[in-house]
Amino acid sequence: MPKFFKKRGKSAGLTPGTLVHIGERLMEKPKISIIDYSPGKLEEKTVESIEECCAYQEKPTITWINIDGIHQANIIEQIGHSFQIHPLTLEDIMNTSQRPKIDYFPSYIFIALKMFYWDEAEQEIAIEHISLILTDHTVLSFQEREGDVFNSVRERIKNKTGKIRKSGADYLVYTLLDSIVDQYFLILEKLGDKTELLEDALIKQPSPENLRVIQQGKRNLIFLRNAVWPLREVINKLEKDESKLIQKNTKLFLRDVYDHTIQVIETVEALRDMVSGLMDIYLSSVSNKMNEVMKVLTIIATIFIPLTFVAGIYGMNFHYMPELSWKWAYPVTLLVMFLIGLGMYFFFRKKKWL
Amino acid sequence: MPKFFKKRGKSAGLTPGTLVHIGERLMEKPKISIIDYSPGKLEEKTVESIEECCAYQEKPTITWINIDGIHQANIIEQIGHSFQIHPLTLEDIMNTSQRPKIDYFPSYIFIALKMFYWDEAEQEIAIEHISLILTDHTVLSFQEREGDVFNSVRERIKNKTGKIRKSGADYLVYTLLDSIVDQYFLILEKLGDKTELLEDALIKQPSPENLRVIQQGKRNLIFLRNAVWPLREVINKLEKDESKLIQKNTKLFLRDVYDHTIQVIETVEALRDMVSGLMDIYLSSVSNKMNEVMKVLTIIATIFIPLTFVAGIYGMNFHYMPELSWKWAYPVTLLVMFLIGLGMYFFFRKKKWL
Amino acid sequence: MPKFFKKRGKSAGLTPGTLVHIGERLMEKPKISIIDYSPGKLEEKTVESIEECCAYQEKPTITWINIDGIHQANIIEQIGHSFQIHPLTLEDIMNTSQRPKIDYFPSYIFIALKMFYWDEAEQEIAIEHISLILTDHTVLSFQEREGDVFNSVRERIKNKTGKIRKSGADYLVYTLLDSIVDQYFLILEKLGDKTELLEDALIKQPSPENLRVIQQGKRNLIFLRNAVWPLREVINKLEKDESKLIQKNTKLFLRDVYDHTIQVIETVEALRDMVSGLMDIYLSSVSNKMNEVMKVLTIIATIFIPLTFVAGIYGMNFHYMPELSWKWAYPVTLLVMFLIGLGMYFFFRKKKWL
Amino acid sequence: MPKFFKKRGKSAGLTPGTLVHIGERLMEKPKISIIDYSPGKLEEKTVESIEECCAYQEKPTITWINIDGIHQANIIEQIGHSFQIHPLTLEDIMNTSQRPKIDYFPSYIFIALKMFYWDEAEQEIAIEHISLILTDHTVLSFQEREGDVFNSVRERIKNKTGKIRKSGADYLVYTLLDSIVDQYFLILEKLGDKTELLEDALIKQPSPENLRVIQQGKRNLIFLRNAVWPLREVINKLEKDESKLIQKNTKLFLRDVYDHTIQVIETVEALRDMVSGLMDIYLSSVSNKMNEVMKVLTIIATIFIPLTFVAGIYGMNFHYMPELSWKWAYPVTLLVMFLIGLGMYFFFRKKKWL
Amino acid sequence: MPKFFKKRGKSAGLTPGTLVHIGERLMEKPKISIIDYSPGKLEEKTVESIEECCAYQEKPTITWINIDGIHQANIIEQIGHSFQIHPLTLEDIMNTSQRPKIDYFPSYIFIALKMFYWDEAEQEIAIEHISLILTDHTVLSFQEREGDVFNSVRERIKNKTGKIRKSGADYLVYTLLDSIVDQYFLILEKLGDKTELLEDALIKQPSPENLRVIQQGKRNLIFLRNAVWPLREVINKLEKDESKLIQKNTKLFLRDVYDHTIQVIETVEALRDMVSGLMDIYLSSVSNKMNEVMKVLTIIATIFIPLTFVAGIYGMNFHYMPELSWKWAYPVTLLVMFLIGLGMYFFFRKKKWL
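Those protein sequence lines, which keep their order, are chains C, R, V, F and D.
Quick note, in our numbering, the first sequence goes up one by one and the last residue is 362.
Quick note, in our numbering, the second sequence goes up one by one and the last residue is 362.
Quick note, in our numbering, the third sequence goes up one by one and the last residue is 362.
Quick note, in our numbering, the fourth sequence goes up one by one and the last residue is 362.
Quick note, in our numbering, the fifth sequence goes up one by one and the last residue is 362.
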């Protein structure tokens, strides 16, 4: 389950700019892959050390450097050194509890955001911290682990005739943002389906276990909300950008992502409404079930108590009880008891209590 | 039931501007109809291919092209090509999960919005995605299926003396918006009536089925709210418009639609208040019914338990129980029992427990 | 009961500016009355046709034309024609579901607002749609039915030395607004008293009928709120007015009405808080009553069940039960039973269960 | 108990500026006291008629005129006449339901606000309407009754070396505001203590009477909130003031009062949170108590019912029941019954039901 | 437990600027420690009297004076005198109920804020009032008691190569703010852990004691919220600062603290959501437990009541009951009873009531 609090204990009180990884280590060794492209050319490779990336800085082609694994401070530091990244930016890249934000520096734009995917093993949403750095013709992207969310972007770059090949680094950043926001829709569909299933389950057969699931659903939506509200702000700032890094043409596309973000927000808020309604449904459903049980049991008791009373009467030991010696007394008494029981049964039926 | 999530799975990760229909396919083959009019002239026809529309572009008359059915990418693409529509706009036209918005392009204004109607078969509200494009003297409207909401507009155009015949394309857009917002009032009346009926039903005879209906009501109102809040923004922007496509005279009418939109918002919010009150009523009503049942049952048991105790006493086998041999013991005991029962009955009555 | 939705079915889809009365018809025949005054002169009369009003337009005196009854389209149309009123304004006058608003036109200011009074017959608040039109030296007021809310204004005009006689048409509009807002305080007092009475009733003797009353109270407050929030905006705009129709001196008085409107809003919000608290009180009060009953009943059962068990023991038919033949067995058993019962009673008392 | 609604019935419909006292009459005869001071001089006296105050208007010294009792229209009118106060201001002074506000007039600033004190007799908060008028070198203060809240200010003025003696009339107004806001802290402490006591009482021994106390607490906090939110606005406006009546030096002190006001607001909101939590605690506490009782009672019944059944078996009159004639049957049966009871008792204990 | 209200009784009504300590006295004697440093030099000492500090004012080095203990008015007064601090600032330093704020004075910036730490002894959060004063090259910090939160800052200053040694007094203030905000994360982790533990406990074994813990949790979060919202404002103002006391370079770091503050706010709001959900869980969990108990008990009763009735029948004393004299009657009856009981047991099982 995602945690509200990444342990910061070690980091608290350190000089700012000290590089400490906050979060779980999700892979062994960071992996650096480079895609360098221009309308006519494409080069893709995986490199071992960061120095190999520097060569691309002088070329006029668009270079996308993707780093999977952000837990090794020395690698992040090397990158910072090679690309003149401010120490506070490096700190934010390694701090997986950093909230989405955009920072403008003289030579680059830094974007931090969150990606969500569905962890089938844990049956739970998982959050990944993503950082993007946009410089003149280079894009750096940092992920916590290897994933397939950027694969479609890679495919599109390989397609020689695609718009992306003819556009600048800013369009690449847009494409990455777009694929991340698209991912949000998938996770919301998942949560939406689960909510509807849960709602049905709650009405049919509520169990105390559902309580935990509802709380977890609430928590997931808080995570999504905390990720997507600031993301909206990030994209809005990017669209309103006045630096030269974002071209006017790309802004139209950023507007489109912005729209999607608002749609995600609306859906998250709608889901929050639904989930908080689930608690009411659970409570009322539990009490309905309980009431049904108690009603039936009480009715059984109510039918037999008067009958037992009648039996009690003829169990009294008075010497002068004329009925006792009457020959048909016993069967008549049984019949009367049966009729009383039947009468009560129909009375309860008529009252719709049964 | 309308869904929060249209399946986007196929579309996620595609190049933006790729035309993919998101939503259900509601009709077989798109239908294109044209009304071309000027104060003195009127031409109405249904065309097979989009090329036939192009001829009207050069005429000075007002041309309204209505397309029912937005699931065929090639048709939308042709239209985009003929009227120089931006690919992102075409994408929004085909994406039925697009939220209401207004986009300004150099040569046209694009408006996306939602229409609601009551689906008698499903006893449920249905949502339709509507797109409007306003150029100099042409209006394009896109609907998911054939419907009768624009019929009154057609009638008004046919009326030779109507204001609409003398006004520009912007006035036609206003008329279309107005007829859609009027539709909202009808759906709100429907929902309002259903809410009041439900409230009565809840007080009289609550059933677990009502839970589902209340949740559904909440969800419908969320849909309406998500449709109408951004619509307000859309109309407001249209009214404040500074492009030359909207004439000053028409803005007065747009102000009127704006007022209606706010009225819709107020009614939606009021209904939301009412519906969320229904849950309380349901819960309290269920518990009232249950309490009534349990009280009556418990009172029956309470009356008979002491009587059974009395019978139990005279069922004891002690050798020395003088009452047993007294001749009137039995009838007197019965009488005493009857009086105890009667006394308790009146006591409960007096206490207003019965 | 006021309705959220006036039937608009007939009106939906009509050309804007088509005059259709939306709402109930509250009187037979509209009544037009005129008060024409200047510091030194006063003329008051009831006219049959709207033409008689036109004569006053050329005089420099202040003319107040009050129309009771807004359901006859032809009369409203005539007025529109005589005073050059825009068709959209006429539509708003006849549409009783129009929310409070202010509209500026070149030659007049149009104000729509709501009046509330207490309908003693229905024991319910009633809403009336009021429209005011302020031109240079004429005020037109439209009411749904004859009422006495403007009587005090008439009295003040008749008083030769009053400020109103010396002031312009804008001051007359202020006076009318002021008398309507004063009316709000009366209705709030009424609702406040009823809420307090209901609160007492709920604690003393809750009944399912109260549920309906609480819901109705909520709905009334929603009506008031929807009427008074936009009214605040209306008066604020009037006060900030830059047309020449409102004189600077009158604005000070409008500020005063504005203050009153905010006070009304605060009281409405406070009442909403109180009313939504009533639901909790109702639920807890019902459950308190129920608990009391169940507790007493259960205690009676609990006392007798062990006693019945004792009686059961001595009802067993074992041959060797020495107590049975002991002479004092019976009275001693009765005594023991009595003591057990008494003991339990005091135990329950001590535990504060009784 | 403070009322939401002061009866305005008499006043509604009157000419604005007509002086009518709205509220309870709290003292017999208004009392007018004057303190006139300069750095070197101090004069304090109680006057009978307002004319005596006028003499001070021409002196350059600071004059503070305090009027206790605002129900006599003629006195307020005289003051208005002597100091050129606008009729609307006089109306606001006498209207105890006037909300806090600040009004700028050419020659003076008018401040209306609320004071709260604890009414020990009624065990309830009491609200007083206070008005302040600041002119060039005169301060007028109006209270509903004699009180001691301004005594500390009087003491400070008498202290020859205090800052107040060297400062202007604006500093005196600040001092008065400060002493009123200080009073708010006292009332909040009181309400806070009572809330904590109530919380303890609710957990230990909930009673239906608490319901009323909680509702009253809510209402008190609404009063405080309605008084203190606009007060914040008042002080903010005073601090941002651009008239010459407030000196720059005093604004630093007003900033300080502003801070205190925000602190009051925060505390009020926090208390509102706590009080609305009390309702939940009450409900859960009542149901806890009830559950405890029902559980114990049901357990008693549950233990005895099987035992009674056993006794019932041996009360049957079958001729062939071998146990009946066995010598140890009776004691063994008793023993078995005892063991069954004991077993059930320990079973319930183990299940933590007892 | 932290209190909403520090007793202000003594202070209310005093001349503003009168130095009175509001809050608990947490240590005996204030302790003044000085760290004076420049890139090349470091001096650290504890002084007895405030005069010793003054010498540093003339040196160009950075001087950090930390005062632990703020309850002695004369010491605070001396400091105020030595460093030309405004009396209102001194009042704010001593008033532990002062909310976070920033005040600009010509020669210094004053910052008031709150620190939170976990009081292991009381198992409760504790709040400390911290004040910072930044002048040209001096930083004054005031704490209520000796603590270790600033130790890491001291360590960093002692480190000769650290950035802090090369930077100005503004960077020192940033460092202090940063270490305080880092402390917030620790306290939030603590509260988060406790909330999750509580949630588990509530589902497993709810007890009335939990109610108190939930209320306390709510209250703690209100404290945090009231501390951190204005802190955000403080840091924002500091970052936007236009005085010369904050250098441009430091603002980048302040932006970083600002980000952390927003993260704290988000976490506090998320925790508030979780905690208010706990109440629902508690209520539902209590009622689940109760229902389980009542159901089992009722089922036991329900099984035995019909059996007792059968026994009652054969306890009747009718003379003609043929079964009584049948030899196998007794064992058969017992068998029938057993089968009825078993049947009911399996019926309840099948219905999932057991």
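The beta-carbon is built from N, C-alpha and C at its ideal position, and this holds for glycine as well.
- Residue contact check for F:T310 against chain D: a CB pair falls below 8 Å.
- F:Y328 is positioned such that its CB atom lies no closer than 8 Å to that of V:N325.
- Counted as a single uninterrupted DSSP element, the stretch harbouring V:M123 is not any alpha helix (DSSP H) but the beta strand (DSSP E) occupying residues I117 to D127.
- Under the Cβ distance rule, C:P216 counts among the residues neighbouring chain D, one pair being separated by less than 8 Å.
- Under the three-state reduction of DSSP, V:N325 is assigned to coil, being neither helix nor strand.
- Per DSSP, F:N74 is one residue of the beta strand (DSSP E) stretching across I70 to D76.
- The Cβ atoms of C:I78 and C:I40 lie no closer than 8 Å to each other.
- Taking a 10 Å sphere around the C-beta of D:C61, we find 16 or more other C-beta atoms and assign the residue as buried.
- By the neighbour-count criterion, in which a residue is buried when 16 or more other Cβ atoms sit within 10 angstroms of its Cβ, R:R33 is exposed.
- In chain order, D267 make up the part of chain D whose C-beta sits under 7 Å from the C-beta of C:K109.
- For C:S46, not one C-beta of chain D is nearer than 8 Å to its own C-beta.
- Residue nearest to V:D127 within the set V:L199, V:E51, V:I119 and V:D178 is V:L199 (criterion: CA-CA distance).
- Following the DSSP letters along the chain, one finds R:I243 inside the alpha helix (DSSP H) bounded by residues P216 to E247.
- Using beta-carbon distances, V:L232 does not count as an interface residue toward chain R, since no partner is under 8 Å.
- With a 10 Å radius around the Cβ and a threshold of 16 neighbouring Cβ atoms, C:R357 comes out exposed.
- Judged by pairs of C-beta atoms under 8 Å, the segment 84 to 91 of chain F does not touch the segment 163 to 175 of chain F, as fewer than three such pairs exist.
- Ranked by Cα distance from F:I101, the options F:I138, F:S160 and F:E163 are led by F:I138.
- The bridge partners DSSP lists for F:T146 are F:T71.
- For V:L27, no Cβ of chain R is located within less than 8 Å of the residue's own Cβ.
- Only buried fits R:P108, as 16 or more other CB atoms lie within 10 angstroms of its CB.
- Assignment of D:Q213 by DSSP, reduced to helix, strand and coil, places it in the coil class.
- Apart from the 5 residues on each side of it in sequence, F:Q80 sits with its Cβ closer than 6 Å to the Cβ of P38 in its chain, given in chain order.
- Residue burial annotation: R:E152 is buried, with at least 16 other C-beta atoms found within 10 angstroms of its C-beta.
- For V:I165, no CB of chain F lies under 8 Å from its own CB, so it is not counted at the interface with that chain.
- Around R:N228, no beta-carbon contact reaches into chain V at under 7 Å, the shortest distance being about 15 Å.
- At least one beta carbon of chain R lies nearer than 8 Å to the beta carbon of V:G320.
- Per DSSP, the unbroken alpha helix (DSSP H) holding C:D100 starts and ends at P95 to M102.
- Contact annotation: the segment 292 to 300 of chain V touches the segment 196 to 216 of chain V, with at least three C-beta pairs closer than 8 Å.
- DSSP, read as helix, strand or coil, puts D:T169 in coil.
- A straight-line Cα-Cα distance of about 12 Å links D:R240 and D:A120.
- Listed by position along chain V, the residues whose Cβ is nearer than 9 Å to that of F:A134 form an empty set, because the closest Cβ is around 18 Å away.
- Looking only at C:L286, C:F346 and C:V189, the smallest Cα-Cα distance to C:F124 is reached by C:V189.
- DSSP lists R:I43 as the bridge partner or partners of R:E52.
- Around the beta carbon of V:K122, 16 or more other beta carbons lie within 10 angstroms, which makes this residue buried.
- The bridge partners DSSP lists for C:E136 are C:M123.
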